[in-house]
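Notes follow the structure.
2 protein chains.
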Amino acid sequence: MKKPNIVILGAGYGGLMVATRLQKQLGVNEAEIFLVNKHDYHYETTWLHEASAGTLHHDKVRYDISSVIDRNKVTFIQDSVQKVNAEEKKVILEGQELAYDYLVVALGAESETFGIQGLNEYAFSISNVNKARQIREHIEYQFATYHNEEEKDDTRLRIVVGGAGFTGIEFLGELANRVPELCKEYDVDYHKVKIICVEAAPSALPGFDPELVDYAMSYLERKGVEFRIGTAIKEATPEGIIVAKGENEVEEIKAKTVVWAAGVRGNSVIEESGFEAMRGRVKVEKTLQAPGHSDVFIIGDCSLMINEEINRPYPPTAQIAMQQGELCAKNIAALVRGKEQLEEFTFDNKGTVCSLGEDDAVGIVFGKKIVGSKAAFMKKVVDNRALYMIGGPGLVLKKGKFNFF
Amino acid sequence: MKKPNIVILGAGYGGLMVATRLQKQLGVNEAEIFLVNKHDYHYETTWLHEASAGTLHHDKVRYDISSVIDRNKVTFIQDSVQKVNAEEKKVILEGQELAYDYLVVALGAESETFGIQGLNEYAFSISNVNKARQIREHIEYQFATYHNEEEKDDTRLRIVVGGAGFTGIEFLGELANRVPELCKEYDVDYHKVKIICVEAAPSALPGFDPELVDYAMSYLERKGVEFRIGTAIKEATPEGIIVAKGENEVEEIKAKTVVWAAGVRGNSVIEESGFEAMRGRVKVEKTLQAPGHSDVFIIGDCSLMINEEINRPYPPTAQIAMQQGELCAKNIAALVRGKEQLEEFTFDNKGTVCSLGEDDAVGIVFGKKIVGSKAAFMKKVVDNRALYMIGGPGLVLKKGKFNFF
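Residue numbers (UniProt numbering), protein chains in the order written: chain A, 1 to 405; chain B, 1 to 405.
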């Protein structure tokens with residue numbers, strides 16, 4: 001009998017968790033496992049704001065996929081996914097087609113611009129390693145150019161961050177630490193630099209504990225960040241952004257750097273493949289299967305699950321993606337072995353820590369609020385845990401964050 | 001009796017040499033010495049190609065002027081020189097006017113574009129610290145952007161260097177070492193990168209020993225540099241450059257980075273002040289005085305002296321500027337002390353070394369040709385010597401180059 005083909009699309013938190021668990025759980029003779037990813041490396045999406053600000057080198061944020069997979073069991077294919085053909089049980093890649101018996105779609109998120117004009121053209125998004133290092137270099141080039149112009153253009157020293165959600169706030173924390181370094185590097189007067197955060201919602205970190213939100217905002221404000229809360233971006237232009245002001249008025253905020261950190265959506269391959277979805281996220285069964293496709297599992301940012309306690313979807317996080325990856329591996333192994341009863345997913349919320357730069361953070365861990373250096377410490381524990389779950393202690397030693405003190 | 005005012009314009013090799021020698025030679029009661037410079041730091045002009053390529057940090061290339069002047073004797077004024085009014089014996093700065101009894105004009109060079117269209121707008125010049133770090137960041141940003149575009153634009157990975165004189169060749173040597181690092185940093189295929197040097201003269205390093213020119217060119221060619229010798233740049237555009245091809249034809253070389261390293265001229269303050277000059281260089285007396293102005297000394301890149309052996313002007317170098325600075329200080333001290341007989345300048349040519357990157361070079365030292373690591377070693381000795389002459393052993397220890405092996 002032919003071994004079943006298991007195809008995993010994406011080597012992010014979810015996909016790589018599935019691959020590394022399956023290679024432990026299944027014998028060489030039980031299945032062929034294929035892992036498809038655009039790059040030959042995995043990157044820590046939740047650390048990209050650091051690489052974007054330039055406070056952590058992007059090579060610290062990524063590692064070779066080959067270093068965590070067992071090549072006796074998993075075949076790695078570096079390619080881009082175009083489309084899933086669920087009827088014919090195959091995946092169309094840029095370079096080839098792959099037939100599957102079991103498919104895991106773990107393609108992660110894309111930036112969502114909500115149709116705001118100009119964002120795609122004139123704003124950066126913190127979405128991958130390529131983008132992160134481009135943002136870092138773009139900002140640095142603005143500072144490097146400042147003293148070379150006859151008429152000094154202060155908008156070169158202005159950075160607008162669109163969105164005060166987790167990514168926005170964490171990026172602001174890094175920027176606030178990075179800007180003094182940039183000022184020193186390029187002999188720029190610190191007081192000429194502006195970091196402006198524009199958020200349409202009535203609060204930063206919507207849904208987060210108000211006390212922690214206050215802490216985060218006043219911490220960042222003390223470090224020079226200017227918040228424009230309850231302010232919607234109407235348009236991005238080559239000169240900056242246009243925001244709504246009152247009912248009918250608009251205001252221009254000039255800035256040579258605009259980073260859009262306000263929205264993510266599931267990968268557009270989801271819609272291209274005909275899955276029913278909301279912003280690229282498929283409402284999956286509790287077993288993580290796509291509705292109507294018992295051989296297709298969708299996990300991570302491309303999946304949508306309802307938190308029944310509050311009747312709202314769980315936000316897409318690395319934590320949930322990895323937990324889904326674990327269960328997904330288990331369920332696929334069960335199917336491969338002919339078991340029909342699959343396990344259902346329950347989210348074990350270990351808490352959330354939002355970094356405010358290297359030495360401060362706010363968070364709720366095991367139900368307890370923490371701030372300051374204790375929270376910053378916990379953030380590093382969380383970051384190292386992701387490495388540990390996928391690559392074990394060796395990966396933690398290689399890529400972990402140990403600047404604890 | 002009022003002490004005479006000695007005003008030194010420029011804290012480059014020449015000006016700083018005058019200031020540091022005068023502060024040793026004159027007592028506090030003999031003269032008031034003013035040193036005027038745009039920045040509060042001195043930079044090693046001859047190291048700027050390294051900062052521009054990104055192989056040496058720009059902070060290594062500069063030091064605080066205050067660290068080498070004796071503030072009991074020299075008053076430092078950070079300001080920009082607008083004009084010298086030799087009739088009224090005063091200097092007009094942006095922020096104030098300064099009367100002088102003795103003036104030293106040591107304002108250095110500017111980039112000379114020979115009227116080639118577009119060079120000012122679209123090409124960089126390796127002319128100061130601000131420009132150097134902008135070039136470094138510009139190149140880096142091109143590499144950082146490469147993988148972010150749907151359609152890869154290979155011209156982002158192309159660097160045109162206009163001119164194969166000393167600056168051009170030395171910059172190429174650094175670039176050839178830097179490019180593999182950039183490729184690694186941004187996951188760029190090394191073979192896609194092009195470094196093209198365009199030189200209008202019939203040879204690289206015109207006037208230099210042909211055997212050494214051959215060595216330099218073939219060394220750089222082995223490292224991937226493409227030479228277009230005997231090719232004149234007609235125009236720089238936002239896309240690259242237009243060069244002459246044959247009699248009437250032109251050819252476009254597309255490149256997102258164009259660095260113009262083919263010409264320097266004296267500071268334009270020279271002409272603004274009404275001194276008779278050729279490209280900003282005043283043909284000075286052998287005593288270094290400006291013709292007709294016995295109280296004005298002009299040294300370094302703003303001065304022009306004929307090498308009588310070959311009846312051609314000495315090229316403007318740091319070596320000659322420093323030697324002129326030494327004599328200029330001596331002559332001014334003599335005038336302050338009422339002596340009328342001034343010394344005449346004779347150039348003591350210690351040789352020339354042209355760097356080809358960190359570990360190779362070509363040169364003639366004490367009349368002997370050298371290449372390879374020996375020449376690279378000598379280049380560092382030359383670089384350290386400039387520090388030693390101005391700031392003594394302390395400055396060499398602080399800013400010297402000791403990566404000898």
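Yeah, the Cβ is synthetic: ideal placement off N, Cα and C, and Gly gets one too.
For GLU140/B, a Cβ of chain A is located within less than 8 Å of the residue's own Cβ.
Per DSSP, the continuous beta strand (DSSP E) segment holding TYR41/A begins and ends at 41 to 43. Against chain A, the beta carbon of ALA144/B has neighbours under 7 Å at ARG133, GLN134, GLU137, listed in chain order. In this chain, the beta strand (DSSP E) harbouring TYR102/B covers 102 to 105. When Cβ-Cβ separations below 8 Å define contact, TYR215/A makes no contact with chain B.
The residues PHE124, THR257, in chain order, have a CB closer than 8 Å to that of HIS138/B in the same chain once the five nearest residues on each side in sequence are set aside.
In summary, SER355/B is buried, with 16 or more beta-carbon neighbours lying within 10 Å of its beta-carbon over all protein chains present. With at least 16 other beta carbons inside 10 angstroms of its own, GLN142/B counts as buried.
When DSSP reads this structure, ALA99/A sits in a beta bridge with LYS90/A. For the stretch 24 to 55 of chain A, the set of residues with a beta-carbon nearer than 7 Å to any beta-carbon of chain B is empty. Within its own chain, the residues whose Cβ lies closer than 6 Å to the Cβ of GLY230/A, once the five positions on either side in sequence are excluded, are PRO202, listed in chain order. Taking a 10 Å sphere around the C-beta of GLN96/B, we find fewer than 16 other C-beta atoms and assign the residue as exposed. For the pair of segments examined, the stretch 212 to 220 of chain A was found not to touch the stretch 242 to 257 of chain A: the number of CB pairs separated by less than 8 Å stays below three. Distance from the CA of GLU44/B to the CA of ALA132/A, rounded to the nearest whole angstrom, comes to 34 Å.
Using a Cβ distance threshold of 8 Å, ALA204/B and PHE227/B count as a contacting pair. With fewer than 16 other CB atoms across the displayed protein chains lying within 10 angstroms of its CB, LYS2/B is exposed. A straight-line Cα-Cα distance of about 55 Å links HIS57/A and ASP101/B. In the structure shown, ASP360/B adopts coil according to DSSP, grouped into three states. Taking C-beta atoms as the reference points, VAL74/A and VAL84/A fail to come closer than 8 Å. When the five nearest sequence neighbours on each side are left out, the beta carbons in the same chain lying within less than 6 Å of the beta carbon of SER273/B are those of LYS83, VAL84, in order along the chain. Contact with chain A is absent for TYR122/B, since none of that chain's Cβ atoms lies less than 8 Å from the residue's Cβ. Comparing C-alpha distances from LYS368/A to each of PHE208/A, LYS184/A, THR113/A, VAL179/A shows the shortest one belongs to PHE208/A. Fully enclosed beta strand (DSSP E) runs of no fewer than 3 residues occupy 257 to 260, 264 to 266 of the stretch 255 to 287 of chain A, in order along the chain. Think of a sphere of 7 Å around the beta carbon of HIS147/B: the chain A residues whose beta carbon falls inside it are ASN130, in chain order.
Rounded to the nearest whole angstrom, the CA to CA distance from SER373/B to ILE195/B is 23 Å. Listed in chain order, the alpha helix (DSSP H) runs fully inside the stretch 276 to 357 of chain A are 318 to 336, counting runs of at least 4 residues.
The Cβ of TYR186/B sits closer than 8 Å to at least one Cβ of chain A. Per DSSP, GLN23/A lies in no beta strand (DSSP E); the unbroken alpha helix (DSSP H) holding it starts and ends at 13 to 25.
Counted as a single uninterrupted DSSP element, the alpha helix (DSSP H) harbouring GLU181/B occupies residues 166 to 185. When C-alpha distances from ALA375/B are compared across PHE297/B, ALA386/B, LEU327/B, GLU358/B, the shortest belongs to GLU358/B. Scanning GLY118/B, LEU93/B, PHE166/B for the CA closest to the CA of ILE126/B turns up PHE166/B. Straight across, the Cα-Cα distance linking ALA244/A with GLN323/A is about 40 Å. About 6 Å separates the beta carbon of ASP79/A from that of VAL36/A, a gap short enough to meet the 8 Å contact definition. Straight through space, the alpha carbons of GLY162/B and PHE297/A are spaced by roughly 57 Å. Nearest to LEU175/A by alpha-carbon distance, out of VAL371/A, ASP214/A, ILE159/A, is ILE159/A.
GLU121/A: member of the alpha helix (DSSP H) spanning 119 to 122, first to last residue.
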